[in-house]
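Here's the structure we're looking at; comments come further down.
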Amino acid sequence: MEERPLTGISPPGRIAAPGEGIGQDELALSARNHGLPLEAMRYEVTPAGLHYVLVHYDIPDTGTGTDAATSAGTTTDATTDPDTWRLTLRGRLRTPLELDLRDLRALPSVTHRVTMECAGNGRARLSPRPVSQPWLVEAVGTAEWTGVPLRAVLAEAGVAPDAVEAVFTGADHGVERGVEQDYRRSLPLPVGEDVLLAHTMNGGPLPPQHGHPLRLVVPGWYGMAHVKWLRDIELVDTAFGGYQQATAYRYRQSAGEPGEPVTRIAPRALLIPPGFPDFMSRTRVVGPGPVRLAGRAWSGHGPVVRVELSTDGGAGWADAEVLPQGGHPYAWQGWHADWTAVPGSHTLLVRATDASGRTQPLEQPWNRGGFGNNQAQAVSVVCR
Ligand SMILES: Nc1nc2c(c(=O)[nH]1)N[C@H]1C(S)=C(S)[C@@H](COP(=O)(O)O)O[C@H]1N2
Ligand SMILES: [Mo]
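Following the numbering used here, the numbering of the sequence shown begins with 94 at its first residue and continues without gaps.
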């Protein structure tokens, strides 16, 4: 459906007052949308249940996804029954298409290992804090997505010369800031050759929360572009001005300005938390002597070429060893460094620099939506 006003139930966008704590509304969002437990960065490919989750509205009823996709074509599940679920392609095309899952699974597929990060990752650390999903640093995960290159499907349909964007619509529906809508985003044409219509995650069916039975995967871009529960693609001859494109996901200083669109992922390095944690403060505890520090680093602007580590709160920095991409240009890279811990309290800092020269700031520039935050991570460690 078209977006339309639905007034009276959406609180306006808001910046927290100085010193204002996380509210029940933010708690409700953070209880629904979970992050990656940072110790799970030990896995090169994140087990599906540990991958971060962000859902604006409700997970739509598209079948469970758990029993279904491994038995392609033989299942009786309502949604993966090829007679029930459809992807429509329409608009500025020579031949509109309607594809079911059997059609899509019959097309040549590719697998990309992709690190995905929510554009709002780090928002809760901003001051003042934009009131929304209050991520700290954990809105990230890496999965192997298998599917059909979108370009191949568009080529079959025949893109009209005047088409400028593809608009992707999910099966989920809600209201946000007074606008009732289906979750919908666009990409400029031509789309990258790496953009996938993914029907498989880590070799199995997409779980319900990750877009069962089909999602868009846009390697290198922040999460909002990877439309889940994908049911329709429309090619249009003017730029899409829908809510999630023109109102949300813009870098802005003030509410009134048009701002710049949020697109690719800024570089970030994170530490696999060393030692063991304190339950409440999450402060890490290590013993004296050699400690292997390791983590992951990624960027949507090319490979990470440098990871620097400070073990004294930012006074001194040393290069960590960064592992090469190893045939996975869209996935995070491992890094490690050795530290000799001495008794006392320490602040470890880590920051990545990518091949484009982008790096992580020590103090985060502010924007109103709280997007693209990649301030260097600081981890408190006590050596006992
Ligand atoms: N249909 C739909 N697609 C969506 C969303 C959504 O709410 N609805 N959330 C987006 C956002 S903001 C992010 S960060 C990613 C999260 O993907 P994941 O939950 O699989 O990690 O999905 C994106 N795709
Ligand atoms: Mo997101």
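Where is the CB? At the ideal position from N, CA and C, for every residue including glycine. Note that the structure is a prediction, hence the values are computed from the model and not measured.
- Message: My output table needs one value for A430: the three-state DSSP class, helix, strand or coil.
- Response: By 1-based counting over the sequence shown, the position of residue 430 is 337. A430: strand per DSSP, three-state reduction.
- Message: Restricting to runs no shorter than 3 residues, where is the beta strand (DSSP E) found entirely within the stretch 331-375?
- Response: 361-364
- Message: If you follow the alpha helix (DSSP H) that L190 is in, where does it begin and where does it stop?
- Response: In the sequence shown, counting from the first residue as 1, residue 190 sits at position 97. No alpha helix (DSSP H) contains L190, which is instead part of the beta strand (DSSP E) from L190 to L192.
- Decide if F261 is buried, meaning its Cβ has at least 16 other Cβ atoms within 10 Å, or exposed. Position 168 of the sequence shown, counted from the start, is the residue given in the question as residue 261. Label assigned to F261: buried.
- Message: By DSSP's criteria, T155 is part of a beta bridge. Which residues make up the other side?
- Response: On the sequence shown, position 62 is the one that residue 155 refers to. Note: T155 sits in no beta bridge, so no partner.
- Going straight from the alpha carbon of R97 to that of G352, what length do you get? One-based indexing of the sequence shown puts residue 97 at position 4. One-based indexing of the sequence shown puts residue 352 at position 259. Rounded to the nearest angstrom, the two C-alpha atoms are 22 Å apart.
- Item | Segment limits, beta strand (DSSP E) that includes D447 | Residue 447 sits at position 354 when you count from the first residue of the sequence shown. G437 to D447 is the span of the beta strand (DSSP E), which, as asked, contains D447.
- Query: Which value, in whole angstroms, describes the spacing of the CA atoms of G267 and W432?
  - Reply: As a working mapping, residue 267 is identified with position 174 in the sequence shown. As a working mapping, residue 432 is identified with position 339 in the sequence shown. Answer to the nearest angstrom: the Cα atoms are 49 Å apart.
- Query: CB of L129 to nearest heavy atom of ligand 4: below 7 Å?
  - Reply: Absent from the structure shown: ligand 4. Ligands present: ligand 1 and ligand 2.
- Measure the alpha-carbon distance for S103 versus V272 and round it to whole angstroms. Position 10 of the sequence shown holds residue 103. Position 179 of the sequence shown holds residue 272. Roughly 8 Å separates the two Cα atoms.
- Item | C-alpha distance - L317 paired with V435, whole-angstrom precision | Looking up residue 317 in the sequence shown gives position 224. Looking up residue 435 in the sequence shown gives position 342. The sequence given here has Met at residue 317, not Leu. Their backbone Cα atoms lie some 43 Å apart in a straight line.
- Message: Please report the straight-line C-alpha distance between A264 and R183, rounded to a whole angstrom.
- Response: Reading the sequence shown from its first residue, position 171 is the one you call residue 264. Reading the sequence shown from its first residue, position 90 is the one you call residue 183. For A264 and R183, the distance between alpha carbons rounds to 16 Å.
- Message: So, with DSSP's three-state summary, where would you put D265?
- Response: Taking the sequence shown and counting its residues from 1, the one referred to as residue 265 is at position 172. Looking at D265 - three-state DSSP - the assignment turns out to be strand.
- For review: beta carbons within less than 6 Å of any heavy atom in ligand 2: L147, C211, A212, G213, G316 and M317
- Is D151 buried or exposed, if buried means 16 or more other CB atoms sit within 10 Å of its CB? Reading the sequence shown from its first residue, position 58 is the one you call residue 151. Flag for D151 reads exposed.
- Euclidean distance between Cα positions of D193 and I365: As a working mapping, residue 193 is identified with position 100 in the sequence shown. As a working mapping, residue 365 is identified with position 272 in the sequence shown. Going from the Cα of D193 to the Cα of I365 covers about 41 Å.
- With distances taken from CA atoms, which of L131, Q117 and E132 is nearest R125? Translated into the one-based positions of the sequence shown, residue 125 becomes position 32. Comparing Cα positions, the closest option is Q117.
- Can at least three beta-carbon pairs, one atom from the stretch 376-384 and one from the stretch 236-243, be found at a separation below 8 Å? no
- Determine the closest residue to T488 out of Q274, S438 and V252, with distance taken between C-alpha atoms. Here the chain covers residues 94 to 477 and nothing more, so residue 488 does not appear.
- Heavy atom of ligand 1 less than 7 Å from the Cβ of D265, yes or no? The count along the sequence shown starts at 1 and reaches residue 265 at position 172. Result yes, Cβ under 7 Å from ligand 1.
- Query: Does at least one heavy atom of ligand 1 sit under 7 Å from the Cβ of Y150?
  - Reply: Locating residue 150 in the sequence shown gives position 57, where the first residue counts as 1. Yes - ligand 1 has a heavy atom lying nearer than 7 Å to the Cβ of Y150.
- Query: How many Å lie between T173 and D154 at the Cα?
  - Reply: In the sequence shown, counting from the first residue as 1, residue 173 sits at position 80. In the sequence shown, counting from the first residue as 1, residue 154 sits at position 61. Bear in mind that a pLDDT of 47 at T173, under 50, signals an unreliable position, so the number given afterwards is only what the model happens to contain. Taking the straight line joining both Cα atoms gives about 12 Å.
- Query: Can you tell me the Cα-Cα spacing of G393 and E191, whole angstroms?
  - Reply: By one-based count along the sequence shown, residue 393 stands at place 300. By one-based count along the sequence shown, residue 191 stands at place 98. Each residue's alpha carbon lies about 32 Å from the other.
- Message: DSSP three-state label for S225, please.
- Response: In the sequence shown, residue 225 corresponds to position 132, counting from 1. S225: coil per DSSP, three-state reduction.
- Message: Going by DSSP, what residue range makes up the alpha helix (DSSP H) through D118?
- Response: On the sequence shown, position 25 is the one that residue 118 refers to. Start and end: Q117 to R125.
- Query: When the Cα of S123 is compared with those of T100, L147, A109 and G106, which residue comes out closest?
  - Reply: Along the sequence shown, one-based indexing puts residue 123 at 30. Of the listed residues, the one whose Cα sits closest to S123 is L147.
- Query: Apart from the five residues on each side of it in sequence, which residues of its chain come closer than 6 Å, Cβ to Cβ, to E327?
  - Reply: What you label residue 327 is simply residue 234 of the sequence shown in a count that begins at 1. Excluding residues within five positions, the ones whose Cβ falls inside 6 Å are R183, G184 and V260.
- According to DSSP, what are the bridge partners of H482? The structure shown has nothing for residue 482, since the chain only spans 94 to 477.
- Task: With 8 Å as the threshold, decide whether the Cβ of A318 is near any Cβ in chain B.
- Result: This model lacks chain B altogether; it includes just one protein chain.
- Which partner residues of W314 appear in the DSSP bridge assignment? By one-based count along the sequence shown, residue 314 stands at place 221. Paired residue(s): R357.
- With DSSP as the reference, label V272 as helix, strand or coil. Sequence index remark: in the sequence shown, residue 272 carries index 179 (1-based). In this structure, V272 counts as strand in the three-state DSSP scheme.
- Message: My output table needs one value for H292: the three-state DSSP class, helix, strand or coil.
- Response: Position 199 of the sequence shown, counted from the first residue, corresponds to residue 292. Strand, per DSSP.
- Message: Just to confirm the assignment, what range does the beta strand (DSSP E) spanning L180 have?
- Response: Translated into positions along the sequence shown, residue 180 becomes position 87. That run of the beta strand (DSSP E) goes L180 to G184.
- Query: Would the beta-carbon of M94 be found less than 7 Å away from any heavy atom of ligand 1?
  - Reply: On the sequence shown, position 1 is the one that residue 94 refers to. No.
- Local conformation of G166 per DSSP, three classes: Reading the sequence shown from its first residue, position 73 is the one you call residue 166. Confidence is the limiting factor: at G166 the pLDDT is only 43, short of 50, which leaves the residue's position unreliable, though a coordinate-based value still follows. The answer is coil: DSSP assigns G166 none of H, G, I, E or B.
- Message: Taking only three categories from DSSP, how would you classify A171?
- Response: By 1-based counting over the sequence shown, the position of residue 171 is 78. Note that A171 scores 46 on pLDDT, short of 50, meaning its location in the model is unreliable; the coordinates nonetheless yield the value given after this. Coil at A171, not helix or strand.
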